[in-house]
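Numbering (the working numbering), first residue to last: 41 to 239.
No residue lacks a Cβ here, since even glycine has one placed at the ideal position from N, Cα and C.
See structure below.
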Amino acid sequence: MNLVDLQPAIESVSASLVVTDLRERTYLATYPGMISIGATKEVTNEVKFYQLSALVYGWMPRIARIDPLHVSAAVVALGEAISATDMNYQLVPLKSISDCLRSVVGASKLLHFANPNIFPIWDRNIEVFRKNPGSDITSASQYMAYVSEVHSIQAEAGFAEFYIEFSDVYSARLIASGIPAYSITHVRAIEAAAFELTN
Numbered sequence: 041m042n043l044v045d046l047q048p049a050i051e052s053v054s055a056s057l058v059v060t061d062l063r064e065r066t067y068l069a070t071y072p073g074m075i076s077i078g079a080t081k082e083v084t085n086e087v088k089f090y091q092l093s094a095l096v097y098g099w100m101p102r103i104a105r106i107d108p109l110h111v112s113a114a115v116v117a118l119g120e121a122i123s124a125t126d127m128n129y130q131l132v133p134l135k136s137i138s139d140c141l142r143s144v145v146g147a148s149k150l151l152h153f154a155n156p157n158i159f160p161i162w163d164r165n166i167e168v169f170r171k172n173p174g175s176d177i178t179s180a181s182q183y184m185a186y187v188s189e190v191h192s193i194q195a196e197a198g199f200a201e202f203y204i205e206f207s208d209v210y211s212a213r214l215i216a217s218g219i220p221a222y223s224i225t226h227v228r229a230i231e232a233a234a235f236e237l238t239n
């Protein structure tokens with residue numbers, strides 16, 4: 041996946057500004073609230089991990105399964121994820137979170153809400169877009185390869201222009217759907233553009 045693959049998302053969003061699907065609209069409307077809860081840096085403990093896990097699984101078609109044997113390690117990993125940068129995100133022990141939630145996809149959402157500047161949301165749709173339809177979405181290393189790819193796209197020539205254009209049409213979609221506009225991170229723009237092109 042590279043920047044040229046994502047460019048058609050700008051026109052796709054522009055062509056269908058109003059979101060009528062209630063699930064998708066809810067997803068868009070609740071996103072900033074999820075970020076505000078997840079990315080608070082002052083508390084990293086079991087309570088925050090449980091709260092964020094429950095919120096994340098509210099966005100998923102399955103019920104959270106939190107393995108108590110892995111909670112302590114997952115809380116430590118969440119703390120590292122919250123303070124991760126583009127220089128050290130590879131050191132976050134993602135597997136501690138995915139083992140606790142028994143889902144790399146769930147872990148990707150938790151990581152995104154904890155640090156939306158670094159971690160994108162990941163699922164099978166993204167892998168289909170990346171032309172990896174047989175990819176193992178239970179693999180933490182596959183997710184980290186995707187994270188690295190997203191960070192590489194941010195460094196491509198023309199990304200700043202893409203980000204501005206995509207953010208503008210994304211905001212227009214929110215407003216047209218009766219949702220107050222909010223800003224999205226570079227990482228979220230890339231992930232949202234890829235997801236847009238899977239529909």
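{"Item": "CB of A104 within 9 Å of CB of A117, strictly", "Value": "no"}
{"Item": "Extent of the continuous alpha helix (DSSP H) to which T225 belongs", "Value": "Where T225 is concerned, there is no enclosing alpha helix (DSSP H), given that its DSSP letter is neither H nor E."}
{"Item": "Start-to-end residues for the alpha helix (DSSP H) that takes in S93", "Value": "E86 to Y97"}
{"Item": "Residue environment, P220, which counts as buried when at least 16 other CB atoms sit within 10 Å", "Value": "exposed"}
{"Item": "D107 beta carbon less than 9 Å from that of L36", "Value": "Here the chain has residues from 41 to 239 only, and residue 36 is not among them."}
{"Item": "Rounded C-alpha distance that separates T225 from D208", "Value": "13 Å"}
{"Item": "Between the CA atoms of E120 and A113 - distance to the nearest angstrom", "Value": "11 Å"}
{"Item": "Beta carbon of E231 nearer than 9 Å to that of V168", "Value": "no"}
{"Item": "Status (buried if at least 16 other CB within 10 Å, exposed otherwise) for E236", "Value": "buried"}
{"Item": "Simplified DSSP state of P220, which is helix, strand or coil", "Value": "coil"}
{"Item": "Nearest-angstrom Cα separation, counted from S211 out to I166", "Value": "22 Å"}
{"Item": "Coil, strand or helix - M41 by DSSP", "Value": "coil"}
{"Item": "Among A154, V145 and H110, nearest to A124 - alpha-carbon criterion", "Value": "A154"}
{"Item": "Burial state of I215 (16 or more Cβ within 10 Å)", "Value": "exposed"}
{"Item": "Candidates I177, S136, Y67 and I193: closest to D126 by CA position", "Value": "I193"}
{"Item": "Between the CA atoms of E64 and S56 - distance to the nearest angstrom", "Value": "13 Å"}
{"Item": "Own chain, CB closer than 7 Å to V187, minus 5 neighbours either side, in chain order", "Value": "Y129, F159 and P160"}
{"Item": "Backbone secondary structure at G78 - three-state DSSP", "Value": "helix"}
{"Item": "Three-state class that DSSP yields for S175 in the structure shown", "Value": "coil"}
{"Item": "Segment limits, alpha helix (DSSP H) that includes G240", "Value": "Lying outside 41 to 239, the shown extent of the chain, residue 240 is not represented and no answer is given."}
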